[in-house]
Amino acid sequence: HASKLEVYRKSDDYDVIGIVENDPQLRRQAEQDARYQGVPWMTEQQLLNQPGLQVVGVETSVPQLLDTAERCIAAEKHVHLDKPAGESLPQFKRILDQAASKHLAVQMGYMYRYNPAVLMLQDWLRRGWLGEPFELHTVMSKLTEGAGRKTIANYSGGTMFELGCHLIDLVVGVLGPPDKVHSFARHSSSIADGCLDNMLAVFEYPTATATIRSSINEPDGFARRHFTLCGTGGTFHIQPLDDPSAKIALREARPGHPARTHDHAFPKFQRYVADAADLAKMVRNEKDSDYSYEHDYQVQRAILLASGLAVD
63 HASKLEVYRK SDDYDVIGIV ENDPQLRRQA EQDARYQGVP WMTEQQLLNQ
113 PGLQVVGVET SVPQLLDTAE RCIAAEKHVH LDKPAGESLP QFKRILDQAA
163 SKHLAVQMGY MYRYNPAVLM LQDWLRRGWL GEPFELHTVM SKLTEGAGRK
213 TIANYSGGTM FELGCHLIDL VVGVLGPPDK VHSFARHSSS IADGCLDNML
263 AVFEYPTATA TIRSSINEPD GFARRHFTLC GTGGTFHIQP LDDPSAKIAL
313 REARPGHPAR THDHAFPKFQ RYVADAADLA KMVRNEKDSD YSYEHDYQVQ
363 RAILLASGLA VD
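When you line the sequence shown up against this note's numbering, it's residues 63 to 374, in that order.
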């Protein structure tokens, strides 16, 4: 991911010492991108044998993702792993168990974990300001045509697997693992490519429900991406997610926030910067991950179920 690589190269926490790409076409494309220039290209074995290497970022095609990550963990490296974590839940569990036994970080690449609006919502939940959650509604869509549709058509889990996973990470973080998952997959486009391009998942909890929608048919879908939590103490609506703004309704006034519906602005959010900084702290043993191995396992299980895929 060129944007992610650029963040690591600009960070004072990292020295980027090599790139591995076995696909000749993808490598040629990357070599034309200034963000890759100046970093040595090497084989996987050469990279894993580099003296002082501590962290490997793994972003491959989905069928290769878990095998690659497992080799990195076997080589005693911390891993930043692209999402979603493959289609084999048992293999992902094995990787997490191996990482835990070696005290290695596995940081998942879900893109909203460090979003300031999401962090604020999570903080308010911990403080009890939003009361008990009873409804959660989320949407992550966009308009994708051409080659992009072909890529998603290759996923048997469709848009929920590719896009909805980012939201499911947040839903499980807020409400925990769902008791039941209902998956609704549709091909709604007039394009006859078989792509599951319009998907809905419903998560059941004892006193709450959550809906996750994801489509690649929506014009300007980025603008309508949102995450809305309704609790007995208030509603917190984040929209759009990528350049966050929040509309908040509170039952009681809280410090700096009145007991009425009001808007809250956030500073410009640049993806990946906080992720990279947080991983560096984990590698230096300055902190534990805010997302446990168990959380990542439960997220992946929920993603597979929401995508209509097997978990055994």
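Where a beta carbon is used, it is the ideal one built from N, C-alpha and C, also for glycine. On a predicted model such as this, the values are computed, not experimentally measured, just so you know.
Measuring alpha carbon to alpha carbon, tell me which residue in the options is nearest residue i.
i	options	result
V141	E348, S150, L127, L225	L127
P306	D352, L187, F331	F331
A136	E121, G148, Q116	Q116
Q107	G119, Q91, G114, C134	C134
K145	M173, K139, L258, R189	M173
S369	G148, K343, L187, D325	G148
A285	F328, V201, D185	V201
S277	R333, P329, E132, F246	F246
F298	D95, F196, K66, E132	F196
E356	K139, A167, S65, A339	A167
Roughly how many whole angstroms lie between the Cα atoms of residue i and residue j?
i	j	result
R287	P113	43 Å
F223	S203	12 Å
L367	C292	24 Å
P317	C227	33 Å
T206	P239	30 Å
R101	D304	What sits at residue 101 in the sequence shown is Val, not Arg. Looking at the two C-alpha atoms, the distance is approximately 29 Å.
S251	R346	48 Å
M182	P86	43 Å
M261	R275	6 Å
D374	R363	10 Å
T221	G208	15 Å
L232	E93	35 Å
Give me, in chain order, the residues of the same chain whose beta-carbon lies closer than 6 Å to that of residue i; leave out the 5 immediate sequence neighbours on both sides.
i	result
G119	H142
D75	A342
P281	L205
Bridge partners of residue i, per DSSP?
i	result
P113	Bridge partners of P113: none, in fact.
T290	H199, H299
K309	H299, D325
F265	V243, A272
L143	V120, M170
For residue i, which of helix, strand or coil comes out of DSSP?
i	result
F246	strand
H228	helix
F154	helix
L371	coil
W191	coil
G235	helix
H63	coil
M344	helix
M52	In this structure the chain extends from 63 to 374, so residue 52 is not present and cannot be described.
I81	strand
S277	strand
Can you list, in chain order, the residues of its chain with a C-beta nearer than 7 Å to that of residue i? Leave out the 5 residues immediately preceding and following it.
i	result
H324	I310
G256	A215, H249
I230	I274, V361, A364, I365, A368
T105	V82
F328	P178, A179, P306, S307
Go through its chain and collect everything with a Cβ distance to residue i's Cβ below 8 Å, but skip five positions before and after it.
i	result
G193	G293, T294, G295, G296, R313
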